[in-house]
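A.B. asks: In the working numbering, the protein residues as written are 7 to 423.
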Amino acid sequence: MSFCDDREDIYSLALTTLSTLFKKYNIDPKSIGRLEVGTETLLDKSKSVKSVLMQLFEESGNYNVEGVDTVNACYGGTNALFNSVNWIESSAWDGRDAIVVAGDIALYKKGNARPTGGAGCVAMLIGPDAPVAIEPGLRGSYITHAYDFYKPDLTSEYPIVDGQFSIRCYTEAVDACYKAYNQRSAVLKSQQNGVNGNGVNGHSEELETPLDRFDYMCFHAPTCKLVSKSYARLLYNDYLADPSNPIFADVPAELKDMDYAASVTDKTVEKTFMGLAKKRFAARVHPSIQVPTQCGNMYCGSVYGSLCSLLSNIPNETAQGKRIGMFSYGSGLASSMFSFKIRGSIEELQKKMDIQNRLDSRRVVPPEVYDEMCNLREKAHLQKDYTPVGQTETLFPGTYYLTGIDSMFRRTYEIKQ
Numbered sequence: 007m008s009f010c011d012d013r014e015d016i017y018s019l020a021l022t023t024l025s026t027l028f029k030k031y032n033i034d035p036k037s038i039g040r041l042e043v044g045t046e047t048l049l050d051k052s053k054s055v056k057s058v059l060m061q062l063f064e065e066s067g068n069y070n071v072e073g074v075d076t077v078n079a080c081y082g083g084t085n086a087l088f089n090s091v092n093w094i095e096s097s098a099w100d101g102r103d104a105i106v107v108a109g110d111i112a113l114y115k116k117g118n119a120r121p122t123g124g125a126g127c128v129a130m131l132i133g134p135d136a137p138v139a140i141e142p143g144l145r146g147s148y149i150t151h152a153y154d155f156y157k158p159d160l161t162s163e164y165p166i167v168d169g170q171f172s173i174r175c176y177t178e179a180v181d182a183c184y185k186a187y188n189q190r191s192a193v194l195k196s197q198q199n200g201v202n203g204n205g206v207n208g209h210s211e212e213l214e215t216p217l218d219r220f221d222y223m224c225f226h227a228p229t230c231k232l233v234s235k236s237y238a239r240l241l242y243n244d245y246l247a248d249p250s251n252p253i254f255a256d257v258p259a260e261l262k263d264m265d266y267a268a269s270v271t272d273k274t275v276e277k278t279f280m281g282l283a284k285k286r287f288a289a290r291v292h293p294s295i296q297v298p299t300q301c302g303n304m305y306c307g308s309v310y311g312s313l314c315s316l317l318s319n320i321p322n323e324t325a326q327g328k329r330i331g332m333f334s335y336g337s338g339l340a341s342s343m344f345s346f347k348i349r350g351s352i353e354e355l356q357k358k359m360d361i362q363n364r365l366d367s368r369r370v371v372p373p374e375v376y377d378e379m380c381n382l383r384e385k386a387h388l389q390k391d392y393t394p395v396g397q398t399e400t401l402f403p404g405t406y407y408l409t410g411i412d413s414m415f416r417r418t419y420e421i422k423q
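#1: Excluding the 5 residues preceding and the 5 following residue 182 in the sequence, name in chain order all residues of the same chain whose CB lies nearer than 6 Å to its CB.
#2: Buried or exposed: where does residue 300 fall if 16 or more other Cβ atoms within 10 Å of its Cβ makes it buried?
#3: Straight-line CA distance for residue 296 to residue 411?
#4: Using CA coordinates, which residue listed in 7, 223 and 133 is at the minimum distance from residue 286?
#5: Identify every run of the beta strand (DSSP E) within the stretch 323–363, keeping only runs that are complete inside it and at least 3 residues long; order them along the chain.
#6: Taking the alpha carbon of residue 55 as the point to measure from, which residue in 337, 66, 83 and 115 has its own alpha carbon closest?
#7: Assuming residue 332 and residue 345 make a contact with CB atoms under 8 Å, what is their CB distance in whole Å?
#8: Let's see if you can read the secondary structure: which residues bound the beta strand (DSSP E) around residue 108?
#9: What is the residue span of the alpha helix (DSSP H) that residue 82 lies within?
#10: Give me whichever residues DSSP pairs with residue 418 in a beta bridge.
#11: Quick test of your reading: residue 422 and residue 402, contact by CB under 8 Å. State the CB separation rounded to the nearest angstrom.
#12: Is it buried or exposed for residue 364, if we count other Cβ within 10 angstroms and need 16 for buried?
#13: Determine, using beta carbons only, whether residue 409 and residue 420 come nearer to each other than 8 Å.
#14: Specify, as a first and last residue, the run of the beta strand (DSSP E) that residue 141 falls within.
#15: Report buried or exposed for residue 324, applying the criterion of at least 16 other Cβ atoms within 10 angstroms of its Cβ.
#16: Could you please give me the residues that DSSP links to residue 128 through a beta bridge?
#17: Just to check my reading of the structure: residue 220 and residue 174 have Cβ atoms closer than 8 Å, yes? What is that Cβ distance to the nearest angstrom?
#18: Helix, strand or coil: how does DSSP classify residue 433 here?
#19: In three-state DSSP terms, what is residue 395?
#20: Out of 73, 320 and 105, state which residue places its alpha-carbon closest to the alpha-carbon of residue 33.
#21: Could you give the residue range of the beta strand (DSSP E) that holds residue 222?
#22: In three-state terms, what does DSSP make of residue 290?
#23: What residues in its chain sit with their C-beta under 8 Å from that of residue 322, if we drop five residues either side in the sequence?
#24: Mind the definition here: the stretch 28–47 touches the stretch 301–318 only if three or more C-beta pairs lie below 8 Å; say whether that holds.
#25: For the stretch 133–145 against the stretch 153–167, are there 3 or more C-beta pairs whose distance is under 8 Å?
#26: Which of the three DSSP states, helix, strand or coil, is assigned to residue 40?
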C-alpha cells in the first residue's frame with residue numbers, strides 16, 4: 007500500500023498530480039474552463055482544495071475556471087466527473103476542457119483496519135472527442151442514508167466504521183445501481199431502436215447474459231476481495247432475471263426464491279456465483295486491480311486508479327470499441343454505475359501513465375515505518391506553527407511537499423528538484 011508522512015497532505019498530492027498532468031500532456035492552463043476536486047480528506051471546513059490548485063493557473067492569468075470540491079466519502083470524484091461532463095454537454099460550456107482531480111489519504115486507527123488504508127490521487131482531462139468516452143445518459147445511481155462509514159470527529163483523521171454493515175451497504179448499492187443501469191439501457195435502446203444494428207449496448211453478437219455487455223469492469227476497491235465478490239454479485243442479479251438461462255444450469259434451485267436481505271450475506275450465493283464468474287473476472291476485472299492491490303484504498307481516486315490499471319494492462323488493438331463498466335461507491339451513501347467506450351488509441355495514455363515502472367520504483371519499508379508515520383500524522387493534525395519532520399530525500403522529483411504551517415494555519419509548499 008502507499009502512504010505518506012507529515013510532508014505530504016491532500017493539497018500537496020493534488021498539486022503534484024495536476025502539475026504532472028499539465029507537464030506530461032503539454033496542457034495550456036488557459037485551455038481549462040472547469041476544475042473540480044473529489045476528496046474526503048479535509049484540511050479546512052471552508053476553503054476548497056480546488057482553490058489551492060488555482061496556484062497552478064496564476065502564471066497563465068487564467069482565473070475564469072469554474073468548479074469547487076465535492077465531498078461524500080469515496081464518491082466525490084465521480085460526482086465531479088458527472089458535473090464536468092454535464093458542463094461540457096450544457097449551454098454553459100465555453101469550448102474549453104475540464105479537469106477532475108480525485109484523491110485521498112486513507113488512514114485508520116491502529117488495529118485490524120489499518121492495513122486497508124492507502125493514498126493516491128488521479129487527474130483526468132475531460133473534453134470532446136476523447137479516446138475513452140463516457141456513454142451519454144447511460145448510468146444508474148443509488149443514494150440513501152446510512153451510518154456505515156463516517157468522520158464526525160474533526161479532531162481526528164480516522165473514521166468511524168461499521169465494517170460488516172458497510173459491506174452490506176456496498177453490496178446493496180451494487181445491486182441497485184446495476185438494476186438502474188439496466189433499466190436506463192433498455193430505455194435508451196428502445197429510443198434508438200437498434201441504431202446501426204448495435205443499439206445502445208454496441209454489441210451486435212448475442213450475449214450469454216446481460217453482464218457480458220461489459221467487456222471490462224472497474225470497481226471502487228476498499229479491498230480487492232470485495233471487488234471479486236461484487237462482480238459475482240452482478241452475475242447473481244442476471245440469474246434472478248433469467249434463472250432458466252443455460253449458463254445457470256448448475257445453480258441450486260433454492261437460490262431463486264431466497265429472501266433478498268438474506269441473499270446479501272448468504273455464503274452459498276457468494277460461493278456459487280464467484281465460481282461461475284471466475285473466468286469472466288480473470289479476463290475482465292483482474293486487469294483493473296493492479297493499482298488498488300499495490301496502493302491500497304485511494305478513496306475518491308480508487309475506481310479511477312482501477313481505470314488507470316485497466317487501460318495500462320490491455321493491448322491497444324484489443325481495447326478498440328470495448329465497453330468499460332464502472333461502479334463508484336461512497337459511504338453514507340452515494341453510488342453509481344456508468345460506462346465508457348474506447349473510441350481511439352490509448353497508446354499515448356499507456357506510455358505517459360507508465361504504471362508498472364512507477365509502481366516498481368517505489369521504496370519498500372517494513373510495516374513498523376507505516377505505524378510511525380501514522381503516529382507522526384496524529385501529532386501534526388490540527389497543529390499551527392508547525393514544521394514537518396518527515397524526510398524529503400526520498401520524494402520523487404516534481405513532488406510538492408509541505409514546508410510549514412504558520413500561526414494562522416496557512417500552509418506553504420516547495421517542489422522536490
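Don't be surprised by glycine CBs; every beta carbon is placed ideally from N, CA and C.
C.D. replies: On the basis of the coordinates in this document:
#1: Around residue 182: 148.
#2: buried
#3: 35 Å
#4: 223
#5: 329–336 and 340–348
#6: When only C-alpha atoms are compared, the closest one is 83.
#7: 6 Å
#8: 103–112
#9: 82–95
#10: 410
#11: Confirmed, about 7 Å.
#12: exposed
#13: yes
#14: 138–149
#15: exposed
#16: 108
#17: No, residue 220 and residue 174 are not in contact; Cβ-Cβ is about 24 Å, not under 8 Å.
#18: What the structure shows of the chain is the stretch from 7 to 423, and residue 433 is not part of that stretch, so it cannot be assessed.
#19: coil
#20: 105
#21: Segment 222–225, the beta strand (DSSP E) holding residue 222.
#22: Here residue 290 carries a helix assignment [DSSP, helix/strand/coil].
#23: So the list reads 351, 352, 353 and 356, once near-sequence residues are dropped.
#24: yes
#25: no
#26: strand
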